[in-house]
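Quick notes on the structure that follows.
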Amino acid sequence: MGLLNQHEGDIVRILYIDEKERTVKLRIETEDDLWDLYNVIEMGDIVYARTTRELKTSSGSKRKAMSIGLRVVWTRFQPFTTRLRVHGVIVQAPKELDLEGQRHTLNLDLGHEVTIHKEKGWDRYQMDRIRKACRRSMVKALIVGVDDEEVTIATVHDYGIEPLVEMILHIPGKIYPTAKAIELKRELNRISSKIKELCKRLKIEVLILAGPGIMKELVEEELQKYPELRQIKVYLENVSSGGYKGVHEALKRGVLLRVLRDYSITEESKLIEEVLTYLARDERKVALSLDEVEKAVRIGAVDKLFITSELMRSPDETLRRRVEEILKIAENTGARVKIFSSFQDAYLQLKHMGGIVAILRYQLS
Numbered sequence: 004m005g006l007l008n009q010h011e012g013d014i015v016r017i018l019y020i021d022e023k024e025r026t027v028k029l030r031i032e033t034e035d036d037l038w039d040l041y042n043v044i045e046m047g048d049i050v051y052a053r054t055t056r057e058l059k060t061s062s063g064s065k066r067k068a069m070s071i072g073l074r075v076v077w078t079r080f081q082p083f084t085t086r087l088r089v090h091g092v093i094v095q096a097p098k099e100l101d102l103e104g105q106r107h108t109l110n111l112d113l114g115h116e117v118t119i120h121k122e123k124g125w126d127r128y129q130m131d132r133i134r135k136a137c138r139r140s141m142v143k144a145l146i147v148g149v150d151d152e153e154v155t156i157a158t159v160h161d162y163g164i165e166p167l168v169e170m171i172l173h174i175p176g177k178i179y180p181t182a183k184a185i186e187l188k189r190e191l192n193r194i195s196s197k198i199k200e201l202c203k204r205l206k207i208e209v210l211i212l213a214g215p216g217i218m219k220e221l222v223e224e225e226l227q228k229y230p231e232l233r234q235i236k237v238y239l240e241n242v243s244s245g246g247y248k249g250v251h252e253a254l255k256r257g258v259l260l261r262v263l264r265d266y267s268i269t270e271e272s273k274l275i276e277e278v279l280t281y282l283a284r285d286e287r288k289v290a291l292s293l294d295e296v297e298k299a300v301r302i303g304a305v306d307k308l309f310i311t312s313e314l315m316r317s318p319d320e321t322l323r324r325r326v327e328e329i330l331k332i333a334e335n336t337g338a339r340v341k342i343f344s345s346f347q348d349a350y351l352q353l354k355h356m357g358g359i360v361a362i363l364r365y366q367l368s
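The sequence shown lines up with residues 4 to 368 when you count with our numbering.
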């Protein structure tokens, strides 16, 4: 879950909390985030988001995009989609439309921004859950904005972008080809050395090289001389400039969302491998069916629970409510819950296992 800062609203990843106003603004990045929102949005809360609504006109009717706030009556997952439906009474809308007091349903989905206001304030466990969701989605990433004039190397935290290094480059123009080649080589070595140092010190998992032209490709090529960096995933992002502006533009374009999706696929693969290892070593430490998982959850025996988003969004409401109850009990007993949503190999493996699996703290008799 990306958190938004009032100063860096376009950049996402940063939580904006106004405790005095009892308001939190978020960006939804994963299906785990939707599950977290489902668990913190309560009846009576006011939720603000962009939506569309069909309006009648003299010539017929048309859908109009708008921002509204509504007082929540109920929330539920929409079958077959990644959406969380939030239904309630409109308390804020464009005045000229006269919609206050009418009913409406917000469809919250991945990439959407949402503001939640709790008139009685946020409970500690709710705020802890939101903060935990933000830490979960953060990947240790280094972002480099580079062109032939300047470089900014930055990292991303819960609270915003932190520029770590800024360089002015001194590369001669095309009319001095020999001097340009020499200076370009020197500057590429300087940039790559600094990136290597930061990657090692900060234990970076992902490197994003952003900029116009070929400088980012040249930096990527220069980094290949360091064997210790080969485990780091590198992304190239075309933007209009280097430096801090390039970093800012790359984030606005959603490069971190793409990184998170790839990271989620890798994480799912590792978790399924863990399940398979337990099955090979001691299958009694794994619960494989919905009935088995429910039994283990109710006695507090579950350490980790993995479930497909498809099972969570089942069109069978009785099954869906049963699954939701299982997940809530699992979390209340300290189990880690992970929703698989990539539809890649690991997701399909979990689906073939019944869509839900639990690794147990101890064997069940």
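Just so you know, even glycine gets a beta-carbon here, dropped at the ideal spot from N, CA and C.
The C-beta distance from Val222 to Leu212 rounds to 6 Å, short enough to meet the 8 Å contact threshold. In this structure, the alpha-carbon of Tyr266 lies about 12 Å from that of Leu274.
Judged by beta-carbon spacing, Met315 lies beyond the 9 Å limit of Glu334, meaning their Cβ atoms are not closer than that value. CA-to-CA, the gap between Asn110 and Glu320 works out to about 18 Å.
For the pair of segments examined, the stretch 248-267 was found to touch the stretch 32-42: the number of CB pairs separated by less than 8 Å reaches three. In this structure, DSSP gives Ala52 an extended state, which the three-state scheme calls strand.
Positions of the beta strand (DSSP E) runs, each at least 3 residues long and wholly inside the stretch 326-359, are given as 339-343 in order along the chain. As for any beta strand (DSSP E) of minimum length 3 sitting wholly inside the stretch 234-309, the runs are 236-241, ordered along the chain.
Glu240 is the residue among Glu240, Ser292 and Lys298 whose C-alpha sits nearest the C-alpha of Val258. For Thr78, the uninterrupted beta strand (DSSP E) segment begins and ends at Gly63 to Phe80.
Between the stretch 347-358 and the stretch 291-303 there are three or more C-beta pairs closer than 8 Å, enough to call the two in contact.
For Arg79, the closest C-alpha among the options Ile329, Trp38 and Ser64 is that of Trp38. Taking 9 Å as the cut-off, the beta carbon of Leu363 is found closer than this to the beta carbon of Lys288. For Lys197, the enclosing alpha helix (DSSP H) stretches over residues Pro180 to Leu205. Straight-line measurement puts the Cα of Phe309 at about 15 Å from the Cα of Thr336. When Ala136, Leu102, Thr84 and Ile171 are compared, the shortest CA-CA separation from Asn42 is found for Ala136. If you ignore the 5 residues before and after Gln129, its C-beta comes within less than 7 Å of the C-beta of Val43, all in its own chain and listed in chain order.
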